[in-house]
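What follows is a set of notes on a single structure, which appears directly below.
Number of protein chains: 2
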Amino acid sequence: MLDRVTPKNAMLPALDLARRIEAGELTPAQVIERCAEAIAARETEIGAFAHLDLDRARQAVKAPGLKDTPLRGLPFGLKDIFDTADMPTEYGSRVYPGHRPANDAALVSMIRRAGGLPIGKTVTTEFAHLDPGKTRNPHNPAHTPGGSSSGSAAGVAAGFFPIATGSQTGGSVIRPASYCGVAGFKPSFGLLPTIGMKCVSWHLDTAGIFAAGVADVAFAAAAVSGRDLRVDAGAPAAPRIAVLRNPPWPAANADMNAAVETAARTAEAAGASLRDIELPAILGDAYGIHRLVQAYEAARALAYEYDRHGDRLSKNTRELAESGLAINVADYDDARRITKRARQALAGLMDGIDIILSPSAPGAAPEGLGSTGTSTFNRLWTLMGPPCVNVPGLMNSTGLPLGVQVIGRFGGDRAALGAALFVERALGRR
Amino acid sequence: MLDRVTPKNAMLPALDLARRIEAGELTPAQVIERCAEAIAARETEIGAFAHLDLDRARQAVKAPGLKDTPLRGLPFGLKDIFDTADMPTEYGSRVYPGHRPANDAALVSMIRRAGGLPIGKTVTTEFAHLDPGKTRNPHNPAHTPGGSSSGSAAGVAAGFFPIATGSQTGGSVIRPASYCGVAGFKPSFGLLPTIGMKCVSWHLDTAGIFAAGVADVAFAAAAVSGRDLRVDAGAPAAPRIAVLRNPPWPAANADMNAAVETAARTAEAAGASLRDIELPAILGDAYGIHRLVQAYEAARALAYEYDRHGDRLSKNTRELAESGLAINVADYDDARRITKRARQALAGLMDGIDIILSPSAPGAAPEGLGSTGTSTFNRLWTLMGPPCVNVPGLMNSTGLPLGVQVIGRFGGDRAALGAALFVERALGRR
Numbered sequence: 381m382l383d384r385v386t387p388k389n390a391m392l393p394a395l396d397l398a399r400r401i402e403a404g405e406l407t408p409a410q411v412i413e414r415c416a417e418a419i420a421a422r423e424t425e426i427g428a429f430a431h432l433d434l435d436r437a438r439q440a441v442k443a444p445g446l447k448d449t450p451l452r453g454l455p456f457g458l459k460d461i462f463d464t465a466d467m468p469t470e471y472g473s474r475v476y477p478g479h480r481p482a483n484d485a486a487l488v489s490m491i492r493r494a495g496g497l498p499i500g501k502t503v504t505t506e507f508a509h510l511d512p513g514k515t516r517n518p519h520n521p522a523h524t525p526g527g528s529s530s531g532s533a534a535g536v537a538a539g540f541f542p543i544a545t546g547s548q549t550g551g552s553v554i555r556p557a558s559y560c561g562v563a564g565f566k567p568s569f570g571l572l573p574t575i576g577m578k579c580v581s582w583h584l585d586t587a588g589i590f591a592a593g594v595a596d597v598a599f600a601a602a603a604v605s606g607r608d609l610r611v612d613a614g615a616p617a618a619p620r621i622a623v624l625r626n627p628p629w630p631a632a633n634a635d636m637n638a639a640v641e642t643a644a645r646t647a648e649a650a651g652a653s654l655r656d657i658e659l660p661a662i663l664g665d666a667y668g669i670h671r672l673v674q675a676y677e678a679a680r681a682l683a684y685e686y687d688r689h690g691d692r693l694s695k696n697t698r699e700l701a702e703s704g705l706a707i708n709v710a711d712y713d714d715a716r717r718i719t720k721r722a723r724q725a726l727a728g729l730m731d732g733i734d735i736i737l738s739p740s741a742p743g744a745a746p747e748g749l750g751s752t753g754t755s756t757f758n759r760l761w762t763l764m765g766p767p768c769v770n771v772p773g774l775m776n777s778t779g780l781p782l783g784v785q786v787i788g789r790f791g792g793d794r795a796a797l798g799a800a801l802f803v804e805r806a807l808g809r810r
Numbered sequence: 381m382l383d384r385v386t387p388k389n390a391m392l393p394a395l396d397l398a399r400r401i402e403a404g405e406l407t408p409a410q411v412i413e414r415c416a417e418a419i420a421a422r423e424t425e426i427g428a429f430a431h432l433d434l435d436r437a438r439q440a441v442k443a444p445g446l447k448d449t450p451l452r453g454l455p456f457g458l459k460d461i462f463d464t465a466d467m468p469t470e471y472g473s474r475v476y477p478g479h480r481p482a483n484d485a486a487l488v489s490m491i492r493r494a495g496g497l498p499i500g501k502t503v504t505t506e507f508a509h510l511d512p513g514k515t516r517n518p519h520n521p522a523h524t525p526g527g528s529s530s531g532s533a534a535g536v537a538a539g540f541f542p543i544a545t546g547s548q549t550g551g552s553v554i555r556p557a558s559y560c561g562v563a564g565f566k567p568s569f570g571l572l573p574t575i576g577m578k579c580v581s582w583h584l585d586t587a588g589i590f591a592a593g594v595a596d597v598a599f600a601a602a603a604v605s606g607r608d609l610r611v612d613a614g615a616p617a618a619p620r621i622a623v624l625r626n627p628p629w630p631a632a633n634a635d636m637n638a639a640v641e642t643a644a645r646t647a648e649a650a651g652a653s654l655r656d657i658e659l660p661a662i663l664g665d666a667y668g669i670h671r672l673v674q675a676y677e678a679a680r681a682l683a684y685e686y687d688r689h690g691d692r693l694s695k696n697t698r699e700l701a702e703s704g705l706a707i708n709v710a711d712y713d714d715a716r717r718i719t720k721r722a723r724q725a726l727a728g729l730m731d732g733i734d735i736i737l738s739p740s741a742p743g744a745a746p747e748g749l750g751s752t753g754t755s756t757f758n759r760l761w762t763l764m765g766p767p768c769v770n771v772p773g774l775m776n777s778t779g780l781p782l783g784v785q786v787i788g789r790f791g792g793d794r795a796a797l798g799a800a801l802f803v804e805r806a807l808g809r810r
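Those protein sequence lines, which keep their order, are chains A and B. All the letters of the first sequence, read from the start, carry residue numbers 381 to 810 under our numbering. All the letters of the second sequence, read from the start, carry residue numbers 381 to 810 under our numbering.
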């Protein structure tokens, strides 16, 4: 039996906070203190932070005019693969203990320009790949929060900050968002710059945003990017939804399939149109070569770390680099050609529909902290590059969140967010 | 009257050196000492290096097995926008005095893996943009070497190293190669990774290679990338050449137009076919929006430097960032769409031809060191992404080199290099 996630958690809704600051009902300093309270109450248990600096944030929040900025001084968690000049940046790796970059990543500068206030660096798996950090799932600390953006998703879910940055090379935004019951937004490839974000794969790495709900991620992405991405002005239009029930990869579990059915039927009842969709073979081929692209590029992007500090890399990261070195360049070039053809096929496939609806992950967050789960339901979309949104709002019988994934057209980020908000609101009215 | 560049300069031909090392006629250590002699003789005058460490190279060249690597221990100059963990990296900027990155750029690691030996960092304009460093043109020290890869092009021309890395966002590989009379290779966009190369514009920045002649850059690019790019195995096929005599931008000067005519007629006499080509309007549109893409992205890529250290930026760099901040995101998105359509048009335009032949620069290197010249003849190709090769071999009446530019099909890097070698050999046999 699928039910809504009960609002027992202390999530901080960014858009609502911003409006209350604008209205003079709340100050940025008060928001920091709310974060501080949540962190004091649960950080020991959750472990979302690789580095936390509330005192710096308390100083920074005194800057005049902060409440008049687009982000109104709202606190941010920054995944610890984004370079920061004023906080350590360790990339979840033993190669970089206490590393202090010489500059901020472009996205970090853009957040600061828009009036966002970084309060700490959040736990990432090693180089945003497989090896988990210390973070636990706020909905059940015996379960993984997902990865690689573990601390960002868990920290939003636990109310440690209203907004966080993440990145996705396989499924590292959408999956942890699903596991932690928060909204996650992986924009169209290239919409948010990745300069100063530790690279694993330059054709896959995509910067993303976490926040409590869909309107909150849209608000944050709009403010950071300066783009027209907000969806909170009125009721979103009813989307034409294609449900991907038979993907060319292993099926989701029963809980997750039920969540997608619930989301689809609820959206239909609210006015959306539904149809089934089957992916053509070329998209199955593209799914199959994601790992090859990632490994080939990781072997070069992480060459220094592998060549000079291989003994401080995890077995998974070493194997990624080694498998990448073993790939023939002709196979890599073939994979790039398959990618191009698959993108064209996907664009054609979406004629007449607004979004594809699919699971965000194979199921709810698995028990245990040894793995952050698999990117089965995400990696094709990372390779194809369209906007993806994890819509929170459902949970399984044990109280763990189940997210559904809204996949839009490449470059149609606002439409994808609008459709995701439509689904989210429909679920909220059940 | 156009003549060949006299071989009075002491250029070190990489391919020949590699073959002689392979044959046991020369050791990598002896090559280092040749570089050291040339540097001792002319570096004070030329100023190619931002940082030079011959002693480190003399130690590194003792590594066993170096002569059996693809690059056979050949010395490299690294443009000082590529991060190096063992040498300072200042990006030509007063923001980063003595900066020591925590790791090597991906391309630097790939050079080391292939057995290349970095001996120093070469002078770049500030952040590879406009403001010149100290470098002078080896063919006439009163003239600019071109930029932004000033030290790499001048250093190859002066025999300081046989191979160097460069980067091109506007015309920063092809133009200095033309001005200094060396081969310059700007590969297809993305062929050489830009991870760890200071970013100005993520849709434009392209890593490239300098060496004495076309076969040398092809050898170096092949060894570094692991790709089948060498063109020295036999006589290159006679290419179908389209001569771009009436581009949608200001004409080259008479010297340069004569150089292109000479190259075209000489190649035709050697068996190449010639035709004229006119660029469709969409390519003129693309030419026109290069600057917009560069500025929009630079305003974000250099956000930290602009926001935190604006007083240490040159006026040109500040203006680039400021103009980028003033660009409407809708105009940027339009520019990206124009880019996409123009790339498709260019692909169609090249049906039935192998290369476009055009000037590498408006003329020979201008007098004075206050400017490194303009990217008029390069920036469209940087935006479009096809491989470009500067073919050296001609000079004007004052002894300054005039390079011609061979533009291939996107992804057809080996064919472009082969055609460039055909033109170079035809010029050499005159």
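Think of the CB as a built atom: it goes at the ideal place given N, C-alpha and C, for glycine as much as any other residue.
Using a Cβ cut-off of 8 Å (strictly closer), state whether residue i contacts chain A.
i               : result
N483 of chain B : yes
Y676 of chain B : no
R680 of chain B : yes
Y667 of chain B : no
G792 of chain B : no
I575 of chain B : yes
V786 of chain B : no
Just to make sure I have the definition right: I need the residues of chain C whose C-beta is within less than 8 Å of the C-beta of residue i. Which are they?
i               : result
A683 of chain A : Any reference to chain C falls outside this structure, whose protein chains are A and B.
Taking CB distances under 8 Å as the criterion, tell me whether residue i reaches chain B.
i               : result
G445 of chain A : no
C579 of chain A : yes
H479 of chain A : yes
R607 of chain A : yes
R718 of chain A : The amino acid at residue 718 of chain A is misidentified as Arg; the sequence shows Ile. No, its Cβ sits nowhere closer than 8 Å to a Cβ of chain B.
N661 of chain A : The identity of residue 661 of chain A in the sequence shown is Ala, whereas the question assumes Asn. It does not: the Cβ of A661 of chain A has no partner Cβ on chain B nearer than 8 Å.
A701 of chain A : no
Are residue i and residue j close, meaning C-beta to C-beta below 8 Å?
i               : j               : result
G457 of chain A : T504 of chain A : no
S530 of chain B : T752 of chain B : yes
I575 of chain B : A485 of chain B : yes
A563 of chain A : F599 of chain A : no
V536 of chain B : A595 of chain B : no
I669 of chain A : I718 of chain A : yes
P481 of chain A : D460 of chain A : no
P556 of chain A : G526 of chain A : yes
L487 of chain B : V604 of chain B : yes
T646 of chain A : F507 of chain A : no
For residue i, which residues of its own chain have a beta-carbon under 6 Å away from its beta-carbon, when the five flanking residues on both sides are left out?
i               : result
P616 of chain B : G798, L801, F802
A618 of chain B : G651, A652
I426 of chain B : R516, P518, A534, A538
Would you give the residue range spanned by the beta strand (DSSP E) that residue i belongs to?
i               : result
I787 of chain B : 781 to 787
K459 of chain B : 455 to 459
H670 of chain B : Careful: H670 of chain B lies outside any beta strand (DSSP E), inside the alpha helix (DSSP H) at 661 to 681.
A769 of chain B : In the sequence on display, residue 769 of chain B carries Val and not Ala. From DSSP, the beta strand (DSSP E) with V769 of chain B extends over 768 to 775.
P498 of chain A : 497 to 502
R655 of chain B : 653 to 656
A710 of chain A : That residue, A710 of chain A, is in no beta strand (DSSP E); its alpha helix (DSSP H) goes 709 to 729.
With a CB to CB cut of under 7 Å and the five nearest residues on each side skipped, what residues in its chain are close to residue i?
i               : result
R474 of chain A : R692
A418 of chain B : A390, A538, G539, F540
T449 of chain A : A494, G495
Along the chain, where does the alpha helix (DSSP H) containing residue i start, and where does it finish?
i               : result
L797 of chain B : 793 to 808
G531 of chain A : 530 to 537
V611 of chain A : Per DSSP, V611 of chain A belongs to no alpha helix (DSSP H) and is neither H nor E.
I491 of chain A : 486 to 493
Who are the Cβ neighbours of residue i in its own chain at under 8 Å, not counting the five residues just before and after it?
i               : result
L406 of chain B : L397, R400
P387 of chain B : For P387 of chain B, the predicted model reports a pLDDT of 39, less than 50, meaning its position is unreliable; a value from the coordinates is still stated below. Closer than 8 Å at the Cβ level, and outside the excluded window around P387 of chain B, lies no residue.
3 or more residues per run - each beta strand (DSSP E) lying fully within the segment 416 to 456 of chain B: 429 to 432
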